[in-house]
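Asker:
Protein chains: 2
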Amino acid sequence: MTEFDVQPQPGSPEDYVPLPELELVELQAMLDWLSTYGADPQGGVTRLLYDNAWSEAQHALAKQMADKGLVPAFDHSGNLYGTLSSEGSTSFDADREAPYPIVTGSHIDSVVHGGKYDGAYGIVAGILALEYLHKHFGRPKRTLKVVSLCEEEGSRFPFAYWGSRSITGVTTLEEVQHLLDQQGVSFSQAILGAGFGPDRGLEPAVQTYGAFIELHIEQGQVLERHSRSIGIVSDIVGQRRYNITVIGEANHAGTTPMLWRKDALAGAADMIVAIRRIALQTGEPFVATVGRIAAEPGVGNVVAAKATFSLDIRHVRQEILDRCWQDMLQAFRRIAAEYQLRLECEEHLSVTPTPMNEKIQQDIQEICEREQISYLHMPSGAGHDSQIFQPACPTAMIFVPSQQGISHNPREFTTETDLMNGFRVLVRLLYKYGYED
Amino acid sequence: MTEFDVQPQPGSPEDYVPLPELELVELQAMLDWLSTYGADPQGGVTRLLYDNAWSEAQHALAKQMADKGLVPAFDHSGNLYGTLSSEGSTSFDADREAPYPIVTGSHIDSVVHGGKYDGAYGIVAGILALEYLHKHFGRPKRTLKVVSLCEEEGSRFPFAYWGSRSITGVTTLEEVQHLLDQQGVSFSQAILGAGFGPDRGLEPAVQTYGAFIELHIEQGQVLERHSRSIGIVSDIVGQRRYNITVIGEANHAGTTPMLWRKDALAGAADMIVAIRRIALQTGEPFVATVGRIAAEPGVGNVVAAKATFSLDIRHVRQEILDRCWQDMLQAFRRIAAEYQLRLECEEHLSVTPTPMNEKIQQDIQEICEREQISYLHMPSGAGHDSQIFQPACPTAMIFVPSQQGISHNPREFTTETDLMNGFRVLVRLLYKYGYED
Chain B
1 MTEFDVQPQP GSPEDYVPLP ELELVELQAM LDWLSTYGAD PQGGVTRLLY DNAWSEAQHA
61 LAKQMADKGL VPAFDHSGNL YGTLSSEGST SFDADREAPY PIVTGSHIDS VVHGGKYDGA
121 YGIVAGILAL EYLHKHFGRP KRTLKVVSLC EEEGSRFPFA YWGSRSITGV TTLEEVQHLL
181 DQQGVSFSQA ILGAGFGPDR GLEPAVQTYG AFIELHIEQG QVLERHSRSI GIVSDIVGQR
241 RYNITVIGEA NHAGTTPMLW RKDALAGAAD MIVAIRRIAL QTGEPFVATV GRIAAEPGVG
301 NVVAAKATFS LDIRHVRQEI LDRCWQDMLQ AFRRIAAEYQ LRLECEEHLS VTPTPMNEKI
361 QQDIQEICER EQISYLHMPS GAGHDSQIFQ PACPTAMIFV PSQQGISHNP REFTTETDLM
421 NGFRVLVRLL YKYGYED
Chain R
1 MTEFDVQPQP GSPEDYVPLP ELELVELQAM LDWLSTYGAD PQGGVTRLLY DNAWSEAQHA
61 LAKQMADKGL VPAFDHSGNL YGTLSSEGST SFDADREAPY PIVTGSHIDS VVHGGKYDGA
121 YGIVAGILAL EYLHKHFGRP KRTLKVVSLC EEEGSRFPFA YWGSRSITGV TTLEEVQHLL
181 DQQGVSFSQA ILGAGFGPDR GLEPAVQTYG AFIELHIEQG QVLERHSRSI GIVSDIVGQR
241 RYNITVIGEA NHAGTTPMLW RKDALAGAAD MIVAIRRIAL QTGEPFVATV GRIAAEPGVG
301 NVVAAKATFS LDIRHVRQEI LDRCWQDMLQ AFRRIAAEYQ LRLECEEHLS VTPTPMNEKI
361 QQDIQEICER EQISYLHMPS GAGHDSQIFQ PACPTAMIFV PSQQGISHNP REFTTETDLM
421 NGFRVLVRLL YKYGYED
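Protein chains in written order, with UniProt numbering: chain B, 1 to 437; chain R, 1 to 437.
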């Protein structure tokens, strides 16, 4: 985080259009409505790419978009757009020759037993923002769109960011069509079953945006602990994920003296302690997590022959990720030698850090100051579609607080005041890009 | 271990009866034969209490006993005796008024996919020893018995040492009859199905022994690494087993700074490092093992809310077990406080250390010296039926080397030379107690 100490400043009201009746927008009611699609009996929401709940939610959103004066349209991948065309345009296709549209939105899919804000907030706020702007200011000078991205979480297929990856052309259907979900259903069966895929008369997935703006819950506790209302995302962290395997020798827990052991689990424990020490030495925003561990044979009275654990490291700078991984690897090798263990490290994910567009960050900051909404520049420790869009178009993220930082959980919650603050900033930003010169 | 440096000394042959033709005894052949009962297709042996392989093995052994001149008899529990009655006695019952018999033997059950030596060696060697003594020296002055104990491993029901516990009266059938195996079969169904239990006209299980001598493979590498042929067991270690639960808070691996975490798995890792440090500081024969660990939710990108791990500590002195556990508990509490975790410790096994009978140990040492067999006084780090018998009668254990210390594994192996050395010591000891005054 940076600029913890920037306090909100009063705006200069003379050149600033006031926003009428913003308090009447029913964000919370529409989030509650959307959460009925895929509602779990035990609370929470499960909407997985192309499943029934997902389909019903996207089609219900398309109807909402039409009801609110937007032109709804699906693309090949099942991404749903609601378009508010610029002056003189009347149809989705008519503004092809105009400057690329400004797009806001987020993802409609959820994790298993997720909350009702993750993703959904950015879509609902986008639809209501376009409705509000249209109602009060008429058609924009530049086309505005809200997108309900088909997939971000990677909850169904072992692949994430399908929505933004297919829009930016980073990934094609050919590359993912053979992926299987946990029931053995292929990606291509799933997309066809939901009524999408090529040759359906839909818009192609690949599109060019003038800018992408994603309003999202923080999913952490940084804003709450610093009592700020808006997070202006500076960077989306880079991530590396590893599977670490430590191989020793199974032995009888009673008959094998300590010094003769090749105890894979004892060695793994020492490595996990080293990971935390290196993370603390590196300092914020570096984080390192071991969330999964297993020992084999995994019996209380047998010295473990093998231990495997996960490692997830994140930072906003690539060179710090590189250095910390090298430090950890060195510690692992030293411990493996000390314990007489064999070490295997497999990297299975590597995402480079993505700085968000600086100009849009400045505009968000200016809006916060004028609207007297407290804010914080902060990195996003979680991955988002915005990191996929940023290389293709100017992209920014606006965070609102998550109560107690809880997310991916039915207890996910953001107060109506915080939801409205985020909405206000989004409306202002879309007004600026859509209606000002 | 003690007395590493005692070298074998030549015996004084003048008052020492030589053992004729000992090299003709076919220990290995009989072990191979016995291992056909419950032989696994992939190698190894699985004989679980009262199952078919177990029943066939016990009845085949009863026939072998009869063929070799012993009187076979089962008791209520399915323990099988082969009796060589003292002079003047002709039947199993005839020596009831005589001094209590000297008993040797071990257990017939195995672990799942066990080896062919564990337990079996003590039974086979006992039968062949009694046959040999009978053949060369006639009836003993004091009744000798070999026992094939029905159960020691706890592999089928969640209860171990049923054979020795039922003989010493420590546990009755009433106490275990409701236990269930993994298929849901009750202990009482199993014992009745195998043809045992009360009211079958069998001997009662509770019996009084004059002494119990158990010949067994070491199941460790101490003898092999010290190049000794015989282990004279000084003590069977005491054991404590615990389930340690560490409770923190699940958090997002990306959005939760290191210092705000309550990472149960990181705390558990630090505790496991502390366990090893305390074990190494305490020194041999103290051993501490963490063989099992699990984290919840157990996902690579979620800070663990909960970690559970096993702890197994062993030593020959109760006060050292007490002190080490207190040291570990203190370390756990310090770490839990540092990581902001809640700690729960559950002891689920506590076995006090059992010193073996000193007089019999001396007699074994004397035999080794006279027979010029190298030996070592050493504790047993594994549990054995002998620890159940010791409080009831003078008890001793004789170990032979296990190649590479491998046990509870189809690769369990002891050389014929080592098997014969153990047999020679057993024969000498039984001769001394059965035939000398």
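Ideal Cβ placement from N, Cα and C applies to all residues, glycine included. Computed from a predicted structure; not experimentally measured.
So which residues of chain R does T256(B) contact, with C-beta pairs closer than 8 Å?
Answerer: Ordered by position in chain R, the residues that pass the 8 Å Cβ test against T256(B) are G220, Q221, V287, G381 and G405.
Asker: From this set, A307(B), R424(B) and L429(B), which residue's C-alpha is nearest L22(B)'s C-alpha?
Answerer: The residue with the shortest Cα to Cα distance from L22(B) is R424(B).
Asker: Residue 441(B): buried (16+ other C-beta within 10 angstroms of its C-beta) or exposed?
Answerer: There is no way to answer for residue 441(B), as the model of chain B reaches only from 1 to 437.
Asker: Using the Cβ count rule (16 or more neighbours within 10 Å means buried), how would you classify Q42(B)?
Answerer: The residue in question, Q42(B), is exposed, as its Cβ has fewer than 16 Cβ neighbours within 10 Å.
Asker: Quick check on DSSP: helix, strand or coil for T90(B)?
Answerer: Residue placement at T90(B) is poorly supported in this model, since its pLDDT is 49, which falls under 50; the coordinates still yield a value, given next. Looking at T90(B) - three-state DSSP - the assignment turns out to be coil, as it is neither helix nor strand.
Asker: What do you get for Q372(R), buried or exposed, if any count of 16 or more other CB atoms within 10 angstroms of its CB means buried?
Answerer: By the 10 Å Cβ count, Q372(R) comes out exposed.
Asker: Considering only the beta carbon of each residue, do R225(R) and S374(R) sit closer than 7 Å?
Answerer: It is not a contact, given that the beta carbons lie outside the stated cut-off.
Asker: Specify the secondary structure class of A250(R) as computed by DSSP and reduced to three states.
Answerer: A250(R) falls in the coil class under three-state DSSP.
Asker: Can you list, in chain order, the residues of its chain with a C-beta nearer than 6 Å to that of G122(R)? Leave out the 5 residues immediately preceding and following it.
Answerer: Same-chain partners within the cutoff: G105, S106, E214, L215 and H216.
Asker: Listing by chain order, which chain R residues have their CB less than 7 Å from the CB of D181(B)?
Answerer: By Cβ distance, chain R contributes nothing, its closest Cβ being about 18 Å from D181(B), past 7 Å.
Asker: Across the region 128-139 of chain B and the region 160-179 of chain B, are there enough close Cβ pairs to call them in contact, namely three or more that are closer than 8 Å?
Answerer: Counting Cβ pairs under 8 Å, fewer than three are found: no touch.
Asker: Run down chain R in chain order and give the residues with a C-beta less than 7 Å from the C-beta of R276(B).
Answerer: Those within 7 Å of R276(B) in chain R are A266.
Asker: How is T46(R) classed by DSSP in three states: helix, strand or coil?
Answerer: Coil at T46(R), not helix or strand.
Asker: How many angstroms separate the CA atom of P394(B) from the CA atom of E358(B)?
Answerer: Their Cα atoms are separated by approximately 9 Å.
Asker: Name the DSSP bridge partner or partners of K306(R)?
Answerer: Beta-bridge pairing links K306(R) to I247(R) and E296(R).
Asker: Could you check where the alpha helix (DSSP H) with R424(B) kicks off and where it finishes?
Answerer: Note, R424(B): alpha helix (DSSP H), E416 to Y435.
Asker: How many Å lie between M420(B) and P204(B) at the Cα?
Answerer: Cα to Cα, M420(B) sits roughly 34 Å from P204(B).
Asker: Measuring CB to CB, does I244(B) end up less than 7 Å from H377(B)?
Answerer: No. Outside cutoff.
Asker: Got a sec? Which residues, its chain only, sit under 6 Å from A53(B) by beta carbon, not counting five neighbours each side?
Answerer: So the list reads Y37, G38 and R47, once near-sequence residues are dropped.
Asker: I'd like to know whether the C-beta atoms of M356(R) and I275(R) end up nearer to each other than 7 Å.
Answerer: Against a cut-off of 7 Å, the Cβ pair of I275(R) and M356(R) comes out as no contact.
Asker: Going by DSSP, what residue range makes up the beta strand (DSSP E) through D235(B)?
Answerer: Its beta strand (DSSP E) spans residues I230 to I236.
Asker: Name the chain B residues whose beta carbon is nearer than 9 Å to that of R317(R)?
Answerer: Simply none; closest approach about 15 Å.
Asker: Do you know whose CA, among F286(R), Q28(R), L259(R) and L341(R), lies nearest W260(B)'s CA?
Answerer: Closest option to W260(B), Cα to Cα, is F286(R).
Asker: Closest Cβ-Cβ distance between A336(R) and chain B: below 7 Å?
Answerer: No, A336(R) lies away from the interface with chain B (no Cβ there is under 7 Å from its Cβ).
Asker: Examine chain R for any beta-carbon lying closer than 7 Å to the beta-carbon of L215(B), and answer yes or no.
Answerer: Not one chain R Cβ lies under 7 Å of L215(B).
Asker: When DSSP labels each residue in this structure, what does P20(B) get in the three-state scheme?
Answerer: In the structure shown, P20(B) sits in coil (DSSP, three-state: anything other than H, G, I, E or B).
Asker: Could you work out which residues of chain R lie near V299(B), taking near to mean beta carbons separated by less than 9 Å?
Answerer: Per Cβ cutoff of 9 Å: G291, R292 and S310.
Asker: Between A331(R) and chain B, is the shortest Cβ-Cβ distance under 7 Å, so that the two count as touching?
Answerer: So no, A331(R) is outside the interface.
Asker: Would you identify the three-state DSSP class for Y121(B), choosing helix, strand or coil?
Answerer: Here Y121(B) sits in helix by DSSP.
Asker: If you reduce the DSSP assignment to three classes, tell me which class R411(B) lands in.
Answerer: Reduced to three states, the DSSP call for R411(B) is coil.
Asker: Just verifying my parser: in three-state terms, what is the DSSP assignment at T104(R)?
Answerer: Strand.
Asker: For a contact meaning CB atoms closer than 9 Å, what does E284(R) contact in chain B?
Answerer: Here the neighbours are P257, M258 and L259.
Asker: Answer yes or no: do G300(R) and V299(B) have a C-beta to C-beta separation smaller than 7 Å?
Answerer: No.
Asker: Please confirm whether V303(B) and N251(B) have their CB atoms less than 7 Å apart.
Answerer: Yes, the pair counts as a contact, with Cβ atoms nearer than the cut-off.
Asker: What runs of the alpha helix (DSSP H), each 4 residues or longer, lie entirely inside the region 126-206 of chain B?
Answerer: Taking only runs of at least 4 residues, the alpha helix (DSSP H) segments lying wholly in the region 126-206 of chain B are 162-168, 173-176 and 187-193.
Asker: At a CB-CB cut-off below 8 Å, which residues of chain R make contact with R241(B)?
Answerer: The contacting residues are G300 and N301.
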